[in-house]
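Heads up, the sequence shown is in UniProt numbering, so the first residue is 1 and it goes up one at a time.
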Amino acid sequence: MKYALVTGASKGIGRATSLRLAEMGYFILINYNSSREDAEKTLELVKEKGSDGELLKFDVSDAAETKSVLDTWTARHKNEYIEVLVNNAGIRKDNLMIWMPEEDWTSVLNVSLNGFFHVTQYMLKNMLVKRFGRIINIVSLSGIKGMKGQANYSAAKGGLIAATKALAAEVGPRNVTVNAVAPGFIQTDMVKDLPEEELKKLIPAGRFGTAEEVASLVGFLASKEASYITGEVISINGGIYT
Ligand code: NAP
């Protein structure tokens, strides 16, 4: 059995990625934080793809909870390891910096950036010992360009881009690749409060992307065909210049 862990897999890009990896034959560890019913739906859809999975509930920003849930999984799977990790969990709390409560700064960084650290550090040892691993971090156009109203989110995603490059250099010799996927506007719950009609005028492709389009790129980066790509940030944004 080959295992893949997708954080924030209860909906959106995480769910679509879980389905893509299920099609590639992976058993999917479906992480979620609060949306249990949505996570169960992801599992049902994974099974419809002919694969299987299980739910792993933990808050990626909580180091102790993350370790405890992953310790329990590892104890039940002594001779197996998770070879694909998709760090997808993320939140947005937009505000102009002058009005931004410190809690909104901290929580956005905690989920995207510290969450990456907690989960990835745990997975690394086995990937290095087994000499194979795929780590794919979902970042954002905002982390490349910087977007007004998103100093917290841009900092979290920009930090994650830098960490992707640093870690890729560390683990490359062990056949572990680390890449970042930077979506622009993708139709998911995360952006349902945004004025889509207005924003799509800024996108050369003339539309928001779909979660499945992002998942397809993640699937490629997880595949053996992507063995020589590491430390990269790949934009998927309908042609918005970055
Ligand atoms: P979404 O539909 O809101 O899904 C977010 C997912 O993250 C949910 O499954 C949620 O799980 C999970 N999550 C949030 N906080 C978590 C935590 N502390 N621990 C574990 N899971 C947590 O958003 P999405 O659009 O699919 O976003 C997925 C990723 O893509 C994010 O990193 C986001 O920043 C990035 N992204 C999205 C867009 C876009 O336009 N949609 C653009 C660029 C980048 P629960 O509901 O169970 O808490």
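No residue lacks a Cβ here, since even glycine has one placed at the ideal position from N, Cα and C.
Going by C-alpha distance, which of the options is nearest residue i?
i      : options                        : result
Ile203 : Leu141, Leu19, Lys224          : Leu141
Gly143 : Ile234, Thr177, Lys125, Thr7   : Ile234
Glu54  : Leu43, Gly159, Ala64           : Leu43
Lys41  : Leu29, Arg15, Thr188           : Arg15
Pro183 : Leu56, Leu124, Tyr241          : Tyr241
Asp38  : Ile13, Leu109, Lys157          : Ile13
Lys1   : Lys157, Ala22, Asn31           : The displayed chain sequence assigns Met, not Lys, to residue 1. If we check each option's Cα against that of Met1, Ala22 comes out closest.
Leu70  : Ile236, Met147, Thr164, Leu124 : Leu124
Ile186 : Glu170, Ala156, Ile236         : Ile236
Ala163 : Glu196, Ala205, Asn152, Gly115 : Gly115
Ala63  : Ser112, Ala168, Asp94, Ala211  : Ser112
Name the one or two DSSP bridge partners that residue i has.
i      : result
Leu5   : Leu29, Leu85
Gly133 : Val176
Ala182 : Ser235
Lys47  : Answer is none; Lys47 lacks a bridge partner.
Ile144 : BP columns for Ile144 are empty, so no partner.
Ile138 : Val181
Asn79  : In DSSP, Asn79 forms no bridge with anything.
Asn95  : Gln150
Could you compute how far the alpha carbon of residue i sits from the alpha carbon of residue j?
i      : j      : result
Lys11  : Ala4   : 16 Å
Ala166 : Met97  : 28 Å
Phe208 : Lys78  : 43 Å
Asp59  : Glu65  : 7 Å
His118 : Thr17  : 20 Å
Leu19  : Asp193 : 26 Å
Asn179 : Val214 : 13 Å
Met190 : Phe220 : 24 Å
Ile229 : Arg36  : 34 Å
Val139 : Asn88  : 8 Å
Leu29  : Leu56  : 6 Å
Asn33  : Gly8   : 7 Å
Ends of the alpha helix (DSSP H) at residue i?
i      : result
Leu198 : Note on residue identity: the sequence assigns Glu, not Leu, to residue 198. Start and end: 196 to 199.
Glu213 : 211 to 222
Gly159 : 151 to 171
Val69  : 63 to 76
Ser107 : 102 to 109
Arg20  : 12 to 23
If you follow the beta strand (DSSP E) that residue i is in, where does it begin and where does it stop?
i     : result
Leu56 : 53 to 57
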